[in-house]
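Each number in my numbering corresponds to the 1-based position in the sequence shown with 15 added.
In what follows, a structure is listed as structure tokens, so that the remarks can point back to it.
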Amino acid sequence: MERLLQQLLVVAKSDSLKNAGQALGISQPALTKNMQRLESQYKVPLLERTSRGITLTQFGEIIVNRAKRIEHEHVLLNEELSAVRGGKGAHLRVGCGPVWASNELPDAMVELVKKLPELNLQLDAGSQEDMFHRLGNSELDIVLASDTISARSQGEFDYIPFWDSSVEVYVSPSHPLVDQITVSAHMLSEYSWALLTQSNDVVSVLNQFFHDQELPPANVAFRSAYWESIPNVINETELLLLIPERLATQAQAKGLILLDCEALNWEFSSGVWLRKGIIKTKAQNLFIECLEHHTVNKRN
16 MERLLQQLLV VAKSDSLKNA GQALGISQPA LTKNMQRLES QYKVPLLERT
66 SRGITLTQFG EIIVNRAKRI EHEHVLLNEE LSAVRGGKGA HLRVGCGPVW
116 ASNELPDAMV ELVKKLPELN LQLDAGSQED MFHRLGNSEL DIVLASDTIS
166 ARSQGEFDYI PFWDSSVEVY VSPSHPLVDQ ITVSAHMLSE YSWALLTQSN
216 DVVSVLNQFF HDQELPPANV AFRSAYWESI PNVINETELL LLIPERLATQ
266 AQAKGLILLD CEALNWEFSS GVWLRKGIIK TKAQNLFIEC LEHHTVNKRN
């Protein structure tokens with residue numbers, strides 16, 4: 016990658032050109048001149064001074080994000096060449112949510128590690144917003160997530176759908192709504208909610224549902240990214256649990272009761288997200304193959 020872009024990446028992590036220059040081993044005047052050369056090259060301002068030091072302009076953020084991707088592609092190139100030479104050192108960083116972690120992912124990871132024992136595999140959790148930000152900045156190689164988020168509209172990612180699902184509402188056996196033959200939107204609006212997600216996207220969809228029914232927004236009282244923390248909370252409260260129907264077996268095994276919600280018809284797909292236009296590495300291709308294999312097995 017071009018030397019000046021590498022210097023800009025260091026500047027982006029620093030609060031002053033002086034500190035960035037020290038990290039790079041060059042003087043502040045020399046670094047200032049190099050940043051001015053970079054601004055002349057791209058014909059846009061990259062840095063602005065504030066009371067707290069320097070910060071990136073909007074143009075600077077765009078260039079830094081692209082430079083991070085170039086830097087990451089260089090790392091992937093070395094890894095791929097190393098793999099071809101028979102060496103070790105391949106990396107794969109995967110971000111996923113709790114639904115994937117509770118279903119196909121564990122078996123797929125076992126198969127992947129067996130087929131590629133030299134792989135350095137990293138699994139991260141987080142909100143979809145955070146994971147897509149990291150994917151865009153080349154801090155993750157793959158994200159497993161639904162298509163309900165805004166990533167598709169951003170045009171930065173490619174999407175490979177793996178399965179379709181709908182959502183269901185579960186409650187404790189003692190919940191007042193258990194005795195209802197069908198549960199209306201108005202009945203649902205009278206209770207607080209628990210969500211198996213860290214993402215705001217699910218909250219937005221749920222609130223849109225109530226808005227369409229001319230009802231107030233949902234009161235989300237409990238959110239968690241860990242399935243293990245959910246069942247006991249639901250069994251001991253009157254919270255409504257909204258989860259994908261793919262988790263029905265796990266919910267019923269914990270004694271939770273499915274409500275027949277007449278108006279809640281939310282269907283979505285979920286799958287693999289990649290940075291747009293990349294050439295997939297051997298590890299990425301093999302991971303997707305393993306995931307597809309175990310998704311088909313779960314379906315059958």
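Cβ atoms here follow ideal geometry from the backbone N, Cα and C, with glycine treated the same way.
Environment of G102 [buried if 16+ CB atoms lie within 10 Å]: Indexing the sequence shown from 1 puts residue 102 at position 87. Residue confidence is low: G102 scores 46 on pLDDT, short of 50, so the model does not pin down where it sits. No coordinate-derived value is stated.
Sub-8 angstroms separation of R261 and N118 beta-carbons: Against the sequence shown, residue 261 aligns to sequence position 246. Against the sequence shown, residue 118 aligns to sequence position 103. Using a Cβ distance threshold of 8 angstroms, R261 and N118 count as a contacting pair.
When T212, I175, L61 are compared against V287, the one with the closest alpha-carbon: By one-based count along the sequence shown, residue 287 stands at place 272. Out of T212, I175, L61, the CA that lies nearest to the CA of V287 is found in I175.
First through last residue of the beta strand (DSSP E) which encompasses Q137: The sequence position of residue 137 within the sequence shown is 122, counting from 1. First-last of the beta strand (DSSP E) with Q137: 135-140.
Whole-angstrom C-beta distance between W281 and V235, which should lie under 8 angstroms: The residue you call residue 235 lines up with position 220 of the sequence shown. The residue you call residue 281 lines up with position 266 of the sequence shown. The pair is not a contact, with the Cβ atoms about 16 angstroms apart (cut-off 8 angstroms).
Given K33 as reference, the closest of Q223, S180, M124, I69 once Cα atoms are compared: Taking the first residue of the sequence shown as position 1, residue 33 is located at position 18. For K33, the nearest C-alpha among the options comes from I69.
H106, DSSP secondary structure in three states: Residue mapping note: residue 106 aligns to position 91 of the sequence shown, counting from 1. Correct three-state label for H106: strand.
DSSP-derived helix/strand/coil call for R149: Mapped onto the sequence shown, residue 149 falls at position 134. Secondary structure of R149 (DSSP, three-state): helix.
Nearest-angstrom beta carbon gap, L131 and A263 [assumed within contact, 8 angstroms]: Sequence index remark: in the sequence shown, residue 263 carries index 248 (1-based). Sequence index remark: in the sequence shown, residue 131 carries index 116 (1-based). Between L131 and A263 the Cβ distance is about 33 angstroms, and since that is not below 8 angstroms, they are no contact.
Presumed contact (8 angstroms Cβ cut-off) between L255 and A200, rounded CB distance: Position 240 of the sequence shown, counted from the start, is the residue given in the question as residue 255. Position 185 of the sequence shown, counted from the start, is the residue given in the question as residue 200. The Cβ separation is near 12 angstroms, so there is no contact.
Extent of the continuous beta strand (DSSP E) to which I69 belongs: On the sequence shown, residue 69 is found 54 positions in, with the first residue counted as 1. Unbroken beta strand (DSSP E) run through I69: 68-71.
Given 8 angstroms, three or more beta-carbon pairs between the region 85-93 and the region 213-233: Result no; under three Cβ-Cβ pairs closer than 8 angstroms.
Cβ pair E277, T197 closer than 8 angstroms: Along the sequence shown, read from residue 1 onward, the residue named residue 277 stands at position 262. Along the sequence shown, read from residue 1 onward, the residue named residue 197 stands at position 182. The Cβ atoms of E277 and T197 lie closer than 8 angstroms to each other.
Closest by C-alpha distance to E54, when choosing among E154, T72, L203, S285: As a working note, residue 54 is residue 39 in the sequence shown. Ranking E154, T72, L203, S285 by Cα distance to E54 puts T72 first.
Same chain only: Cβ atoms within 6 angstroms of A240, ignoring 5 sequence neighbours per side: For the purposes of this step, residue 240 is taken as the residue at position 225 of the sequence shown. P113, A140, Q213.
Rounded separation between L23 and E76 - CA only: Start at 1 with the first residue of the sequence shown, and residue 23 comes out as number 8. Start at 1 with the first residue of the sequence shown, and residue 76 comes out as number 61. Their backbone Cα atoms lie some 10 angstroms apart in a straight line.
When I272, L155, E171 are compared against P188, the one with the closest alpha-carbon: As a first step, residue 188 is located in the sequence shown; it is residue number 173 there, counting from the start. The option with the nearest alpha carbon to P188 is I272.
Classification of Y185 by the beta-carbon crowding that lies within 10 angstroms, buried from 16 upward: Reading the sequence shown from its first residue, position 170 is the one you call residue 185. Under the 10 Å beta carbon count, Y185 is surrounded by 16 or more other beta carbons and is classified as buried.
Per-residue burial, L226 [other beta carbons within 10 Å of its own, 16 or more giving buried]: Looking up residue 226 in the sequence shown gives position 211. Just to set this straight, residue 226 is His in the shown sequence, not Leu. The residue in question, H226, is exposed, as its Cβ has fewer than 16 Cβ neighbours within 10 Å.
Nearest residue (CA-CA) to A268, options T252, W242, T296: Within the sequence shown, residue 268 is the residue found at index 253, counting from 1. The option with the nearest alpha carbon to A268 is W242.
Every unbroken alpha helix (DSSP H) inside the region 201-278 [4 residues or more]: Correct list: 215-227, 245-250, 263-268.
T65: first and last residue of the uninterrupted beta strand (DSSP E) it sits in: In the sequence shown, the residue the question calls residue 65 occupies position 50. Boundaries of the beta strand (DSSP E) around T65: 62-65.
Which of helix, strand or coil DSSP assigns to P132: Looking up residue 132 in the sequence shown gives position 117. P132 carries a coil assignment under DSSP once its states are collapsed to helix, strand and coil.
Residue environment, I249, which counts as buried when at least 16 other CB atoms sit within 10 Å: Start at 1 with the first residue of the sequence shown, and residue 249 comes out as number 234. When all chains shown are included, I249 counts as buried.
Neighbourhood of F283 by C-beta distance below 7 angstroms, restricted to the same chain and skipping five residues each side: Here residue 283 corresponds to residue number 268 of the sequence shown, with the count starting at 1. Hits under 7 angstroms: S161, D162, T163, S180.
Which residues DSSP lists as bridging V182, in chain order: One-based indexing of the sequence shown puts residue 182 at position 167. Among the bridge pairs identified by DSSP, V182 is matched with P259.
DSSP state of L120 mapped onto helix, strand, coil: As a first step, residue 120 is located in the sequence shown; it is residue number 105 there, counting from the start. Here L120 sits in helix by DSSP.
Cβ shell of D122 (< 7 angstroms), same chain only, five flanking positions each side left out: Indexing the sequence shown from 1 puts residue 122 at position 107. If we look at D122 and ignore the five residues flanking it on each side, its Cβ neighbours are H309.
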